[in-house]
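Using our numbering, read the sequence shown as starting at 10 and increasing by one per residue.
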Amino acid sequence: MTLNFDIDTNDKTGLVSPQSAWRKCLDRIPARYVLAVLGFFGCCNVAALRVNLSVAMVSMINDTAAYGKHASHECSGPSHSNSTEIVKEGEFNWTPDVQSNIVGGFFYGYVLMQIPGGRLAERFGGKWLVGLGIFCTSVLTMLTPVAARWDIKALIALRVFEGLCEGVVLPALHCMLGTWLPKYERSIFTTIIYSGTQIGTVIAMPISGELCYSDRFGGWPSVFYVFGALGCFWFIFWALFIHEMPEKHPHISKAELILIQTGKETSRNEALPIPWKSILTSVPVWILMITHFGQNWGFYIFLTELPSYLSSILHFNIERFFGPAICLVGVILVGCDYVWSVVFLTLALGFNGCTYSGFMVTHVDMSPHFAGTLMGLSNGLATTAGFIGPKVIGLLTENNETLNQWRIIFMIAVAVYIVTGLLFVLFGSAKSQKWGLNIEPELSVTEKEDKINDVDLK
């Protein structure tokens, strides 16, 4: 047995160099843990880059000048609000229809790249698709103020391109999870990584609100500069520390590599032909797609429309907006009680996050080979909620946002959640599908260890 000590020393003193000591410390951290942490923060960025416009738009729009709209006075707002507080009118006269086109433009591009993103990740790997997808979206986000002040068509086009860039991220990330995670760790790691979308939303909203109302940072444009810069900063770490496959990781321990290889049903050597007919005629796949749509319907209402509800109906200054989500039944019942509204909204975001340990890992469980494609299919259908939802809300609240109209919106979301959730419970399945089973013969533990030794020798 040959031992390879890859430690740099100072020739004169024989001391270990600081660089080697730092590398040795990093090597003690399991590689899949690094993937989980950076994947989590990547999902935080994904959510923040989506939600920042929805919050900033409250400050960007001059509602009264746009179409004579005034905020509803059914609710008096927080009792501690300063009645002399100056309300800042925005600089853009965008009608609800224009606003829905701006918000929906992102999702038009996003949905187009779901299946291509998954398939590209299965063929070429997901690292650079995830990294460059978030990086390019971040750069485009920083151009939002310029596009908004230049021309509305330029802003909508920019949003479409943002969607195209970010659309590859989740299918590619899902494909990486199928490559890196043993089966028994998928649920916990998937929950950790994708909970970043919930936590990123909770963090991004109050920060965006604070930036919008802060003259120190330049108002609403700073929202796009800050979150765009954070996405670019994250990309540096992703590019340096994430590797395509366990076998290609230069510093992964042999023990972890054996753990990953022996805990998977399959290894990805090349892209396999997709059994489209079997996938599209599979009842569990359709139930998965419908369930994903239901989850996205509620989440996208929170993501894109709730800042308007809190501002127009509950008279919340968005810089005080901390951690709300969609606990819809409670919100419907409490009406103008802003404290309980926020309590229920916050609880709902937590419950929404629980879904990630359920149906979100199902794609990989059904078929690690085609996890990216399955994620592209289900997320593609689910993402249509991103542009259908704003259109529905725009029709229901055109020129006259009232509490009763928002109750209808919340009740629709409640019905969608319940129906799709029941369908998944009754007819959904996370079992490996025949069309998704490993085509190659399963290797024994000894054969996998021999394969790992071959990688070490190379």
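Even for Gly, the Cβ is constructed at its ideal location relative to N, Cα and C.
- For K263, the enclosing alpha helix (DSSP H) begins and ends at K263 to T271.
- Counting only residues of its own chain and dropping the five nearest sequence neighbours on each side, D160 has no CB closer than 8 Å to any other CB.
- When V107, R37 and F115 are compared, the shortest CA-CA separation from T393 is found for F115.
- 8 Å or more divides the Cβ of M384 from the Cβ of Q442.
- Shown here for W444: same chain residues with a beta carbon closer than 8 Å to its own, the five before and five after excluded, namely P284, S287, I288, S291 and S376 in chain order.
- Secondary structure within the stretch 137 to 191: not one fully enclosed beta strand (DSSP E) run of 3 or more consecutive residues is present.
- Each residue's CA atom was taken as its position, placing C52 and S204 some 8 Å apart.
- According to the DSSP assignment, F244 belongs to the alpha helix (DSSP H) that extends over P230 to F250.
- Only exposed fits M420, as fewer than 16 other CB atoms lie within 10 angstroms of its CB.
- Boundaries for G227: no alpha helix (DSSP H) harbours it, and the DSSP string shows neither H nor E there.
- Shown here, F379 sits in coil according to DSSP, grouped into three states, outside any helix or strand.
- Contact check between the stretch 244 to 256 and the stretch 41 to 55: three or more CB pairs, one atom from each, fall below 8 Å, which counts as touching.
- One alpha carbon belongs to G437, the other to I299, and they sit about 10 Å apart.
- Here I70 carries a strand assignment [DSSP, helix/strand/coil].
- Closest in alpha carbon position to V423, among W306, Q414 and N413, is W306.
- Apart from the 5 residues on each side of it in sequence, G140 sits with its Cβ closer than 7 Å to the Cβ of F244, W247 and A248 in its chain, given in chain order.
- For the set G395, A65 and V112, the Cα lying nearest the Cα of E100 is the one of A65.
- One alpha carbon belongs to I38, the other to I212, and they sit about 27 Å apart.
- Taking all protein chains shown into account, I427 has fewer than 16 neighbouring C-beta atoms within 10 Å of its C-beta and is therefore exposed.
- For M214, the enclosing alpha helix (DSSP H) covers residues R195 to C221.
- Proximity to N388 across M185, L121, F170 and K400 peaks at L121, based on C-alpha coordinates.
- Beta-carbon to beta-carbon, N54 and G176 are separated by about 15 Å, too far to satisfy the 8 Å threshold.
- Inclusion of T210 and V60 in the CB contact set at 8 Å is warranted, their separation being smaller than that value.
- Annotated as proximal: E253 and G134, with beta-carbon spacing under 8 Å.
- Comparing alpha-carbon positions, the option among W295, L220 and G118 lying closest to H372 turns out to be W295.
- In the DSSP assignment, F101 is bridged to I70.
- When the Cα atoms are used, A56 and L266 turn out to be separated by approximately 31 Å.
- Cα atoms of C221 and Y309: separation of roughly 21 Å, rounded to the nearest angstrom.
- Counting only residues of its own chain and dropping the five nearest sequence neighbours on each side, R41 has a CB closer than 6 Å to the CB of W189.
- The beta carbon of S231 is closer than 6 Å to those of L220 in its chain, skipping five residues each way along the sequence.
- The DSSP-derived three-state label of E131 is helix.
- Bounds of the alpha helix (DSSP H) holding W285 are W285 to L289.
- Exclusion of the five residues before and after A181 leaves G126, A130, G135, L138 and V139 as the residues of its chain whose Cβ lies within less than 6 Å of its Cβ.
- A264 and G237 have their alpha carbons spaced roughly 38 Å apart.
- By a beta-carbon distance limit of 8 Å, F226 does not contact M151. Their separation comes to about 14 Å.
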